[in-house]
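Participant: Handing you this structure, nothing more for now.
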Amino acid sequence: MFEYATAAVEGALAAGAAYADARVVVSKQESIDVQNQAVQSLDRTEQAGVGVRALIGSSWGFFATADLSRRAASAAGERAAAIARASAVVPGDPMQFADVDVIQETYETPYVEDPFTVPMSEKVGLLVGVTKTMQEVKGIAIATGSLTFFDTNKWFVSSQGHRIHQHLIESGGGFDATALGDRESQRRSYPQSFGQYETGGYEAIRTWDYAGNAGRIAEEAAALLTADEMEERETDLILEGSQLALQIHESVGHAIELDRILGWEAAFAGTSHLQLPKLGTFQFGSELMNVTADATLPGALGTFGYDDEGTRAQRVDIVKDGIWVGVLSGRDSAAIAGLPPGGMVRGDGYNRLPMVRMTNVGLLPGDSSLDEIVADTKDGVYMATNRSWSIDDKRLNFQFGTEIAWEVKNGKLGRMLKNPTYTGIGPVFWGSLDRLAGGDEWIHWGTPNCGKGQPMQVAHTGHSAAPGRFKDVRVGVRG
Amino acid sequence: MSRESHLAEQILDLVGDRAEAEVVASTGNLALTRFANSFIHQNVAEDGEAVSLRVAVDGRVASAKTTVTGADTLAAFVDGALETASMQPVDEDWPGLAQPSRVPAVEHVDEATYDASPEARAAIVKDFVDAGRGTLAAGYCQTEGRSSVFANSAGQTASGRQTSAIIDGIHQTGTSAGTGHAASVAIGDLDGGTVGRLAFQRAIDSATPFDTKPGEHEVILAPDAVGTLAIFLAFYGFNGKMLEEGQSFVDLGTQQFDDRFQLWDDVTDPRALGIPFDSEGTPKRRLDLVADGITRSVAYNRKTAKKAGVEPNGNNVPGAEGWGPIPTNLFIGGGDRSVGDLIAGVERGIYVSTFNYCRILDPKTMVVTGLTRNGTFMIENGRITDAVTNMRFTQSFVDALGSGRILGLGDDARLADAEFGPGITFVPTMHLASWNFTGGAEG
């Protein structure tokens, strides 16, 4: 496949590109969805093609084709250069591009069990079984489960001499139970909303003991119908790990994307409240807040060998002892900001322009535990599993809803509460972090549905987190 | 014979009599010229073709998609789908294939848009950018052309072509942003200068915003805000799967909305985009969802229609097995009042240009949270007096449109942007009695 990527790069250079790179991507995906013991869909998708980007002046030109032939690849390179050249109608300053090591290597996701060779009967049987268990709980109207597996091969070539082959395997899934009341629906999910996804094989599914958790999840969903509504107030908030992971994703991960900070995403995804002159001094959170972007974490969903610019995967400090110290960057954005490129540029499939994406943006663990945090809380709430998320275009104001909550009184979990929400302003919220769990409660949560860019791209990102406590948070906001 | 017709025919031949089968084959192009900080920074295009296949082997169903469409690979693609299906349990709700029926003779196509050049998109971007003075512009100009063929082993066939063109962007001062948006079947209809001037004016007018108190406010919602109401109601409510599962607010035949509220779906309207059949080959026709405030119907695909005991109405979408059938050519009936007249009727209220990052809290109550963005203004004594900072809302969309709550409808209905994307809603400015703002966006 390198020959097609090479032809695309050569086509772009011959058409006048100052720099060009190309990716041939061949991928397959298998998705299984079961509802109430019946298979709703079983879908297999395969995709193959080459995408080439060409830099001329101030703009990237990008062209993609599913026609994998030398002729088509070369023509794609020429088209990419022509598109870049047309950008000169509305020009900017010449795009800068940071140097990186020229790499010619291969990388493969470590995995134990190829998910595509696990018998279909076993995979379907697992989901039919957990939905049956959930349906047996009184009050459960809808029980669903899903599994999705990804197998992606990428061949990357650049005009600087990069030549990289990567084979990535990702596996994930989960299930949920929905109970319906007169004018409400209540849902519980496991391992988290939208499922838990990891790099690796089918072992990533077996780890989570679906069968052993289905009954509990369903009983909680049913119990929510008669639970008390969460009242609006300010109180101490303890977040379960997967909800804290999404909090990191939305209010830290997107805010530190350098393309947003530079204004490149202003019209759609938005900008950031973070400004580069404050890098190294801005107080993002309390001293317990230590965030890294680490694309080398074994098993985490945002782990790979090299990004889609050929930069080696790396670990970068983002927040250290509460101070903002790092960004997510690529070769172009890093050069403009005068920073080293972070190896965080990825494209969705062969047909999307690579752009700055989160890798594994996670909160390093503390030394406490959920039990200790609860025991140390006189009055508060414990919220678990995301149900809704909304945040403004500067990544400041957020409102999250979770599936379930419990009140915390005098160091013990009390009443179950339904329709929990909390809201706040990013740095104020993170500044109130005063207890943080760690140990085996620190988990590499995966987010398989991060949307960004135009045309829209979906990225798979990881967010390590353990439960944590935040002081004086506004909870229970409803319309 | 077109390339996509050839592909569909090839695949049905490969399936033969081994299964019931339906195929969608499409070819086309998508190009998007993106600008930020007032220059074009990302400029992309793709050509491609794709095939979707669904097979049912004695009621055992599987689907497959591929972009690898060489003659030597299609046989393996088809065999793989059949093998996968044969391993499945029987789907007791399998509705069978669409039978031959006539598809409306509607084609929303403009040849110049199908073949639009990067220079043509860049020229529109230039007009948008040049409409500002001392501001930073950001946004995109997109063109798309697609040809699709549906065929199934029951003999139903349909083909359609579609194009679309969009200019969308903002102008930014140091303290504010204003938005503009236009979409059409034809790139020649796009006037980057006009759209850019609206965005620029909104940015300038909102350059010195103040914080206003949260709470219930009368509102004027511009079309790009109303579009989000329409698609949320459709996605979570007027959805045959959500209704069958008991998750929808919809109560058919009941006055659930203000009697001024008319909501329908109609790809045959000349103002719409798209093709006149769905991915199961069912023809699309006008579907009245709400008439005079009374909920009339919901969207169905073949499976949800079978369960409900009604006819499918052509609203299957990719992924409908999970989230259900969705109408994607939504219209809200407009009024005869200019936007200026609507504003003149407000003693004290808020004008909202767009919403941002809206998320449902509960589909049964249609409570949604989100924020205002790119131009939010205070209205006092019938005129816009000041800009206000962006605000968060938490509001039931059904309650907001309830009886007596629609105070006016604009005469400016157009293809609007919306939370789920552009080109799927054609809606006017709306004047609503109240909207629940729950906080400022920045604290």
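Top line first, the protein sequences correspond to chains A and B.
When the first sequence is numbered by the numbering used here, its final residue is 490 and no position is left out of the sequence of numbers.
When the second sequence is numbered by the numbering used here, its final residue is 452 and no position is left out of the sequence of numbers.
No residue lacks a Cβ here, since even glycine has one placed at the ideal position from N, Cα and C.
Of all the options A:F315, A:I329, A:A26, which has the alpha carbon lying nearest to the alpha carbon of A:R323?
Facilitator: The residue given as residue 323 of chain A occupies position 312 in the first sequence. Comparing Cα-Cα distances from A:R323 to each of A:F315, A:I329, A:A26, the minimum goes to A:F315.
Participant: Would B:E289 and B:S156 qualify as a contact pair, given that the criterion is a beta-carbon distance under 8 Å?
Facilitator: Within the second sequence, residue 289 of chain B is the residue found at index 280, counting from 1. Within the second sequence, residue 156 of chain B is the residue found at index 147, counting from 1. No; because the gap between Cβ atoms is not below 8 Å, this pair is not in contact.
Participant: Using a Cβ-Cβ cut-off of 8 Å (strictly less than) and excluding sequence neighbours within five positions of A:A234, which residues of its own chain qualify?
Facilitator: Counting from 1 along the first sequence, the entry for residue 234 of chain A is found at position 223. The residues are M427.
Participant: Spatial neighbours of B:P431 within its chain, please: CB distance less than 6 Å, with the 5 preceding and 5 following residues excluded, ordered by chain position.
Facilitator: Here residue 431 of chain B corresponds to residue number 422 of the second sequence, with the count starting at 1. Short of 6 Å from the beta carbon of B:P431, and not among the five residues preceding or following it, lie these beta carbons of its own chain, in chain order: I175, A192.
Participant: For B:A140, which residues of its own chain have a beta-carbon under 6 Å away from its beta-carbon, when the five flanking residues on both sides are left out?
Facilitator: By 1-based counting over the second sequence, the position of residue 140 of chain B is 131. Taken in chain order, the residues that qualify are G202, G205, R206, F209.
Participant: Distance, Cα to Cα, B:A353 vs B:D420?
Facilitator: Sequence index remark: in the second sequence, residue 353 of chain B carries index 344 (1-based). Sequence index remark: in the second sequence, residue 420 of chain B carries index 411 (1-based). Their Cα atoms are separated by approximately 15 Å.
Participant: For the beta strand (DSSP E) that contains B:V66, what are its first and last residues?
Facilitator: Against the second sequence, residue 66 of chain B aligns to sequence position 57. Unbroken beta strand (DSSP E) run through B:V66: 48–66.
Participant: Would you call B:P285 buried or exposed, if buried means 16 or more other Cβ atoms sit within 10 Å of its Cβ?
Facilitator: Indexing the second sequence from 1 puts residue 285 of chain B at position 276. Buried, since its Cβ has 16 or more Cβ neighbours within 10 Å.
Participant: In three-state terms, what does DSSP make of B:K373?
Facilitator: Counting from one through the second sequence, the residue named residue 373 of chain B turns up at place 364. Looking at B:K373 - three-state DSSP - the assignment turns out to be coil, as it is neither helix nor strand.
Participant: Run through chain A and tell me which residues come within less than 8 Å of B:A71, C-beta to C-beta.
Facilitator: Locating residue 71 of chain B in the second sequence gives position 62, counting from the first residue. Correct list: L53, D54, R55.
Participant: Taking contact to mean 3 or more Cβ pairs, one atom from each stretch, closer than 8 Å, check whether the stretch 169–180 of chain A and the stretch 80–90 of chain A are in contact.
Facilitator: no
Participant: Is the distance from the Cβ of B:V134 to the Cβ of B:C150 below 8 Å?
Facilitator: Counting from one through the second sequence, the residue named residue 134 of chain B turns up at place 125. Counting from one through the second sequence, the residue named residue 150 of chain B turns up at place 141. Taking 8 Å as the Cβ cut-off, B:V134 and B:C150 qualify as a contacting pair.
Participant: Comparing the C-beta of B:L370 with each C-beta of chain A, is any distance below 8 Å?
Facilitator: Locating residue 370 of chain B in the second sequence gives position 361, where the first residue counts as 1. It does: the Cβ of B:L370 has a partner Cβ on chain A nearer than 8 Å.
Participant: In chain order, which alpha helix (DSSP H) runs of at least 4 residues are fully inside the stretch 321–382 of chain B?
Facilitator: 329–332, 348–353
Participant: Tell me which residues of the stretch 43–70 of chain B have at least one Cβ-Cβ distance to chain A shorter than 7 Å, keeping chain order.
Facilitator: R43, F44, A45, N46, F48, I49, H50, Q51, N52, V53, A54, E55, D56, G57, E58
Participant: Chain B beta carbons: is any one of them nearer than 8 Å to that of A:V469?
Facilitator: For this step, residue 469 of chain A is matched to residue 458 along the first sequence. False, the Cβ-Cβ gap to chain B never drops below 8 Å.
Participant: With a threshold of 7 Å, establish whether the CB of A:Q51 neighbours any heavy atom of the ligand MG.
Facilitator: No copy of the ligand MG occurs in the structure displayed, which carries no ligand at all.
Participant: List, from N- to C-terminal side, the alpha helix (DSSP H) runs of 4 residues or more that fit wholly inside the stretch 330–364 of chain A.
Facilitator: 342–348
Participant: What is the residue span of the alpha helix (DSSP H) that A:V20 lies within?
Facilitator: The count along the first sequence starts at 1 and reaches residue 20 of chain A at position 9. First-last of the alpha helix (DSSP H) with A:V20: 13–25.
Participant: For A:K519 and A:S380, I'd like the C-alpha separation in whole angstroms.
Facilitator: No answer is possible for residue 519 of chain A: the residues shown for chain A start at 12 and end at 490.
Participant: Quick one, which residues of the stretch 21–45 of chain A are near chain B if we go by CB-CB under 7 Å, in chain order?
Facilitator: D44
Participant: Would you check if the distance between the CB atom of A:Q203 and the CB atom of A:R363 is smaller than 8 Å?
Facilitator: Here residue 203 of chain A is taken as the residue at index 192 of the first sequence, counted from 1. Here residue 363 of chain A is taken as the residue at index 352 of the first sequence, counted from 1. It is not a contact, given that the beta carbons lie outside the stated cut-off.
Participant: Which residues, in order along the stretch 230–255 of chain A, keep a beta-carbon less than 8 Å from a beta-carbon of chain B?
Facilitator: none
Participant: Would you report the Cα separation of A:T142 and B:L41, rounded to the nearest angstrom?
Facilitator: Numbered from its first residue, the first sequence carries residue 142 of chain A at position 131. Numbered from its first residue, the second sequence carries residue 41 of chain B at position 32. So the alpha carbons of these two residues sit roughly 43 Å apart.
Participant: In whole angstroms, what separates the C-alpha of A:M394 from that of B:M400?
Facilitator: Counting from 1 along the first sequence, the entry for residue 394 of chain A is found at position 383. Counting from 1 along the second sequence, the entry for residue 400 of chain B is found at position 391. Going by the C-alpha atoms only, they are around 25 Å apart.
Participant: Can you check the stretch 93–117 of chain A for any alpha helix (DSSP H) of at least 4 residues that lies completely inside it and give the ranges in chain order?
Facilitator: Complete alpha helix (DSSP H) runs here, min 4: none at all.
Participant: If we cut at 8 Å on Cβ distances, does B:A107 have a partner in chain A?
Facilitator: Locating residue 107 of chain B in the second sequence gives position 98, counting from the first residue. With 8 Å as the cut-off, B:A107 does not count as an interface residue toward chain A.
Participant: Establish whether the CB of A:L158 and some CB of chain B are separated by less than 8 Å.
Facilitator: For the purposes of this step, residue 158 of chain A is taken as residue 147 along the first sequence, with counting starting at 1. Not an interface residue.
Participant: Any beta-carbon of chain B closer than 8 Å to the one on A:Q258?
Facilitator: By 1-based counting over the first sequence, the position of residue 258 of chain A is 247. A:Q258 does not count as touching chain B.
Participant: Counting only Cβ pairs nearer than 7 Å, list the residues of chain A close to B:A132.
Facilitator: On the second sequence, residue 132 of chain B is found 123 positions in, with the first residue counted as 1. Within chain A, the residues near B:A132 are V100.
Participant: What in chain E is Cβ-close to A:R90, meaning under 8 Å?
Facilitator: Absence of chain E from the displayed structure is noted, the protein chains being A and B.
Participant: Taking A:K420 as part of the alpha helix (DSSP H), name the residues at either end of that continuous run.
Facilitator: By 1-based counting over the first sequence, the position of residue 420 of chain A is 409. Here A:K420 belongs to no alpha helix (DSSP H); instead the beta strand (DSSP E) covers 408–420.
Participant: Against chain A, with Cβ distances strictly below 8 Å, would B:Q181 count as a contact?
Facilitator: Position 172 of the second sequence, counting from 1, holds the residue named residue 181 of chain B. B:Q181 counts as touching chain A.
Participant: Relative to chain B, which residues along the stretch 408–425 of chain A have a C-beta separation below 8 Å, given in chain order?
Facilitator: Listed by position, the residues of the stretch 408–425 of chain A near chain B (Cβ gap below 8 Å) are N408, Q410, G412.
Participant: Name, going along the chain, the residues of the stretch 372–399 of chain B whose beta-carbon falls closer than 7 Å to a beta-carbon of chain A.
Facilitator: P372, K373, T374, V376, T378, G379, L380, R382, N399
Participant: How close, in whole Å, do the beta carbons of A:G412 and B:L370 come, if the pair is a contact with beta carbons under 8 Å?
Facilitator: Residue mapping note: residue 412 of chain A aligns to position 401 of the first sequence, counting from 1. Residue mapping note: residue 370 of chain B aligns to position 361 of the second sequence, counting from 1. Indeed, because the Cβ distance is near 5 Å, the residues count as touching under 8 Å.
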